[in-house]
Amino acid sequence: MTARRSMRVWSAASGKFDTSRSLTKHLPSVPAALPIYARGRTSLLALDFDAKHHTPEQVDVDVERALGWLHECGARTVTDRSTSGGRHVLVPMATDIPLRVDDIKIVMQLLTARLVTLDATPMLNADWGCITPPGSPCREGGYRLLDGTLDAAIDAFTVRSDRGVVARLIALLGGATTPRHRTPTAAVAASLTQDERLVGVGRDRRLDPRFHRNTPVPEAVATYAATGKFTRAHKALWESPSEARQSVISHAVLRGASAADIEKAIATTKWAGLRRAYIDKYGTHSVAALQRDVDKALSWAATIVRPLHELTHKNRYTGGDGSFLKDRVRRQWLAHAKLWIDAEFLGTRQRPVLLAVVQALAYTSALAGELVEGVPVVAVGGRSLSHAAGLMSESTVWSALRLLRETPGSPLLLVARGAGREADRYALTTAATTNGPRRSDIDRARVEPIHPAWSVLGLRGRALYELVEAGLATNVDDTFAAAKLRPSNGYAILADLMTAGLIERDSAKLTLGRRTLDDVAAAHGLGTIAADRIVRHRAERLLWQVWLERRFEPQTGLTANVGAKSSWLPAMYPAPPLGDDVEELWAARMSAGPPRRDPELEAIELVSDQLGAVIVAG
């Protein structure tokens, strides 16, 4: 249930869950809440119904209404209640498509508008959002009591809900809206996502068949489409006829309908009520209004849908048989680089990161580099390298590259700084070590990408696991020695790998566990995270290319004035100072990575986006 191996403990002095502790197997003596989000994503929809400002009876009414909607959308649920009368509804979602706060925000707004006792706060805070689980002590005394049996709750968290529960719930409640993006990158990324997930043009534009839903349309939606009557029963589901109409359109769009298909459908008796509803509301403009609602539903659907079935594949970026493992030149360089890192950074926190980055460099060089007089040379940026380094954060990659460039004797030589659209160019040179790599060191050097599961498990355990996986070490002490780990660190890492199910221990003997790295990646939705990062990187590159084109294209006085007035690039991308040193300036900036985030600017954008605020004075 918990997203991280920690918990937040309630303080009687502050009346808040403001103390963080490690997760324990023993029941805490005070109320404790589990984090909902990990790395900004969650696979749990936690609904907190509070009786503080209402009655327990009203809480029960709201919970029953919510459960009805959730179950109709394919959700499995677990509920409990506190001694104060409050209740929780826990919805374990599919783990391979974790959702962000932005994905959750719409459905929480729809639910809170209909359920007066629902507190949306826990689900809207990716940093501090937490929920007390069944069995936890209550602040008023006593314990949270599970509704139903423990076996049923375990089954719900094991089987989990159908994929697309949140999308189906939003469609049911008629809340499909065109997303508003806070940054240019987010806007471009959304456009790229739409291009990938939508097919056709104009009135024939629809969801790609990979994303179509085939579940039955809810009875309330089908009834409204046929009759067009906004009854008292419908008022419990929708706040207005507008949401009812949008719900019908959204369900059709999720099942692959285009505007042309819907226009044909409303001419039949099955959707006659929807046709009358549009005519009564918009008159002669009903066709345009219908097209507008379809466009809105398509834009929304493209941001939230995921393929119903994804192929399971070995996590290898070559797309083939891993032939880079036979690349003798790069394997020897990688083995030599590892020896140098072990000598220079043994016992430091940088060592696992640097080992991953040099392996990613070797792989990227084999994939897209060249040999210059027998020396591997590759032009690569931190964003691209972050994927080959196991979904390592871009900032960590940039820091590691900087450290490798600046440390004497390094196996990495910067031969040309990137400028414009060109990335930094590196030569993979021989590291300054006393002895070269042995045959066994070269055999252990693998020119392949780092598995993304290590972004969840932590890179410090990679060497130990790979030794056991390759059968190069089976004894605990021998494995620690080969991985160059102190016993204290080694046993801590071993405990983490055993908890993850990757390694099993029988006395001093180590063997592979029942779970694989692919299992860990699937359980944490790393495929979705990697795909989203790829789209974001494409958006950032497109914005950078557009800026370059606008910055350096020749302009007359007239076109310069027109361009200044019609520029769609925001003010957060100011032009650099003019002069002969522009290229050197940008090369220096690119080598240091992107600029830091500006909290004040983001706050201004948020207020402007949500409240329509404008700056009236500087």
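Using our numbering, you'd call the opening residue of the sequence shown number 98 and step up by one each time.
Here a beta-carbon is modelled for each residue, glycine too, at the ideal position from N, C-alpha and C.
(request) Classify M104 as helix, strand or coil using the three-state DSSP reduction. (result) On the sequence shown, residue 104 is found 7 positions in, with the first residue counted as 1. Of the three classes helix, strand and coil, the one that applies to M104 here is strand, per DSSP.
(message) Under DSSP, the beta strand (DSSP E) around V188 begins and ends at which residues?
(response) Position 91 of the sequence shown, counted from the start, is the residue given in the question as residue 188. Element bounds for V188: 184 to 189.
(message) If distances are taken between C-alpha atoms only, which option among P338, T613, F421, R389 comes closest to L371?
(response) Sequence index remark: in the sequence shown, residue 371 carries index 274 (1-based). Of the listed residues, the one whose Cα sits closest to L371 is P338.
(request) Please list, in chain order, all residues of the same chain as A286 whose beta carbon is under 6 Å from its beta carbon, the five residues on each side excluded. (result) Position 189 of the sequence shown holds residue 286. Result list for A286: V632, R633, A636, in chain order.
(request) Determine the contact status of R403 and V544, defining contact as a CB-CB distance below 7 Å. (result) Mapped onto the sequence shown, residue 403 falls at position 306. Mapped onto the sequence shown, residue 544 falls at position 447. Result no, Cβ atoms of R403 and V544 do not sit closer than 7 Å.
(message) Measuring alpha carbon to alpha carbon, tell me which residue in D157, V454, L334, L431 is nearest R541.
(response) Working through the sequence shown from its first residue, we reach residue 541 at position 444. If we check each option's Cα against that of R541, L431 comes out closest.
(message) Can you list, in chain order, the residues of its chain with a C-beta nearer than 8 Å to that of D593? Leave out the 5 residues immediately preceding and following it.
(response) Here residue 593 is taken as the residue at index 496 of the sequence shown, counted from 1. Counting only Cβ-Cβ distances below 8 Å, and skipping sequence neighbours, we find L554, G555, G558.
(message) Restricting to runs no shorter than 4 residues, where is the alpha helix (DSSP H) found entirely within the stretch 158 to 214?
(response) 198 to 211
(request) Measure the Cβ-Cβ separation of S258 and V204 and say whether it is below 7 Å. (result) Here residue 258 refers to the residue found at position 161 of the sequence shown. Here residue 204 refers to the residue found at position 107 of the sequence shown. For S258 and V204, no; Cβs fall outside 7 Å.
(message) Please identify the residue among K423, M489, D248 whose C-alpha is closest to the C-alpha of L451.
(response) What you label residue 451 is simply residue 354 of the sequence shown in a count that begins at 1. Of the candidates K423, M489, D248, the one whose C-alpha sits nearest the C-alpha of L451 is M489.
(request) Step through the CB atoms of chain C and report whether any lies within less than 7 Å of the CB of H433. (result) No chain C is part of this structure, which consists of one protein chain only.
(request) Since I believe T530 is in contact with A440 (beta carbons under 8 Å), could you give me their beta-carbon distance rounded to a whole number of angstroms? (result) Stepping through the sequence shown from its first residue, residue 440 is reached at position 343. Stepping through the sequence shown from its first residue, residue 530 is reached at position 433. About 6 Å; that satisfies the 8 Å criterion.
(message) Using the Cβ count rule (16 or more neighbours within 10 Å means buried), how would you classify S420?
(response) As a position in the sequence shown, residue 420 is number 323, starting the count at 1. Confidence at S420 is low in this model, with a pLDDT of 47, below 50, so the placement of that residue should be treated as unreliable; the coordinate-derived value is given next. Its Cβ having fewer than 16 others within 10 Å, S420 is exposed.
(request) Indicate whether the contact test is met: 3 or more Cβ pairs, each with one atom in the stretch 457 to 475 and one in the stretch 561 to 575, closer than 8 Å. (result) no
(request) Rounded to whole angstroms, what's the CA-CA distance from G517 to W107? Just pull it up for me. (result) Counted from its first residue, the sequence shown places residue 517 at position 420. Counted from its first residue, the sequence shown places residue 107 at position 10. Spanning the two alpha carbons is a distance of roughly 52 Å.
(message) Let me confirm a value: L124 is counted as buried when at least 16 other C-beta atoms fall within 10 Å, else exposed. Which label applies?
(response) The sequence position of residue 124 within the sequence shown is 27, counting from 1. Exposed is the call here.
(request) Out of A148, D629, L269, state which residue places its alpha-carbon closest to the alpha-carbon of E169. (result) Within the sequence shown, residue 169 is the residue found at index 72, counting from 1. Out of A148, D629, L269, L269 has the C-alpha closest to the C-alpha of E169.
(request) Tell me whether the beta-carbon of T526 lies closer than 7 Å to the beta-carbon of P508. (result) On the sequence shown, residue 526 is found 429 positions in, with the first residue counted as 1. On the sequence shown, residue 508 is found 411 positions in, with the first residue counted as 1. For T526 and P508, yes; Cβs fall inside 7 Å.
(message) Using a 10 Å radius around the Cβ and a threshold of 16 neighbouring Cβ atoms, would you call Y134 buried or exposed?
(response) Stepping through the sequence shown from its first residue, residue 134 is reached at position 37. It is buried - the Cβ of Y134 has at least 16 other Cβ atoms within 10 Å.
(request) Indicate whether the contact test is met: 3 or more Cβ pairs, each with one atom in the stretch 243 to 253 and one in the stretch 588 to 607, closer than 8 Å. (result) no
(message) Going by DSSP in three states, A369 sits in which element: helix, strand or coil?
(response) Residue mapping note: residue 369 aligns to position 272 of the sequence shown, counting from 1. Three-state DSSP puts A369 in a helix.
(request) Spell out a yes or no on whether the stretch 136 to 146 and the stretch 217 to 233 are touching, meaning 3 or more CB-CB pairs, one atom from each, closer than 8 Å. (result) yes
(request) With a 10 Å radius around its C-beta and 16 neighbouring C-beta atoms as the bar for buried, classify F254 as buried or exposed. (result) Residue 254 sits at position 157 when you count from the first residue of the sequence shown. Label assigned to F254: exposed.
(request) Would you check if the distance between the CB atom of D147 and the CB atom of G183 is smaller than 7 Å? (result) Indexing the sequence shown from 1 puts residue 147 at position 50. Indexing the sequence shown from 1 puts residue 183 at position 86. Contact flag set, yes.
(request) On a CA-only basis, which of Y588, D574, G487, G239 is nearest A618? Give me that one, please. (result) To locate residue 618, count along the sequence shown from 1; it is residue 521. It is G487 whose Cα lies nearest to the Cα of A618.
(request) Specify the secondary structure class of N572 as computed by DSSP and reduced to three states. (result) Taking the first residue of the sequence shown as 1, we reach residue 572 at position 475. Three-state result, N572: strand.
(request) Report the three-state DSSP secondary structure of D540 (helix, strand or coil). (result) Here residue 540 refers to the residue found at position 443 of the sequence shown. Three-state result, D540: helix.
(message) Here's a check: name, in chain order, each residue in its chain whose Cβ is nearer than 7 Å to the Cβ of R502, leaving out the five neighbours to either side.
(response) Your numbering for residue 502 matches position 405 in the sequence shown. Within the same chain, R502 has close Cβ partners L509, L511.
(message) Bridge partners for V469 per DSSP, in chain order?
(response) The residue you call residue 469 lines up with position 372 of the sequence shown. For V469, which the question treats as bridged, DSSP gives the partners V472.
(message) When you compare the stretch 377 to 396 with the stretch 353 to 367, are there three or more beta-carbon pairs, one atom per stretch, that lie closer than 8 Å?
(response) yes
(message) To the nearest angstrom, how far is the alpha carbon of D629 from that of L304?
(response) Here residue 629 refers to the residue found at position 532 of the sequence shown. Here residue 304 refers to the residue found at position 207 of the sequence shown. Computed Cα separation, rounded: 18 Å.
(message) In the DSSP assignment, the alpha helix (DSSP H) including V318 goes from what residue to what residue?
(response) The residue given as residue 318 occupies position 221 in the sequence shown. 316 to 324 is the span of the alpha helix (DSSP H), which, as asked, contains V318.
(message) Measuring alpha carbon to alpha carbon, tell me which residue in T324, H348, T328, L351 is nearest A374.
(response) For this step, residue 374 is matched to residue 277 along the sequence shown. Checked all of T324, H348, T328, L351; the closest Cα to A374 is T324.
(message) The alpha helix (DSSP H) that contains P281, what's its start and end?
(response) Translated into positions along the sequence shown, residue 281 becomes position 184. Counting along the chain, the alpha helix (DSSP H) containing P281 begins and ends at 281 to 294.
(message) If you reduce the DSSP assignment to three classes, tell me which class E601 lands in.
(response) Here residue 601 refers to the residue found at position 504 of the sequence shown. Three-state DSSP puts E601 in a strand.
(request) Ignore the nearest five residues each way along the sequence and tell me which others in H278's own chain have a CB closer than 7 Å to its CB. (result) Stepping through the sequence shown from its first residue, residue 278 is reached at position 181. A284, A287.
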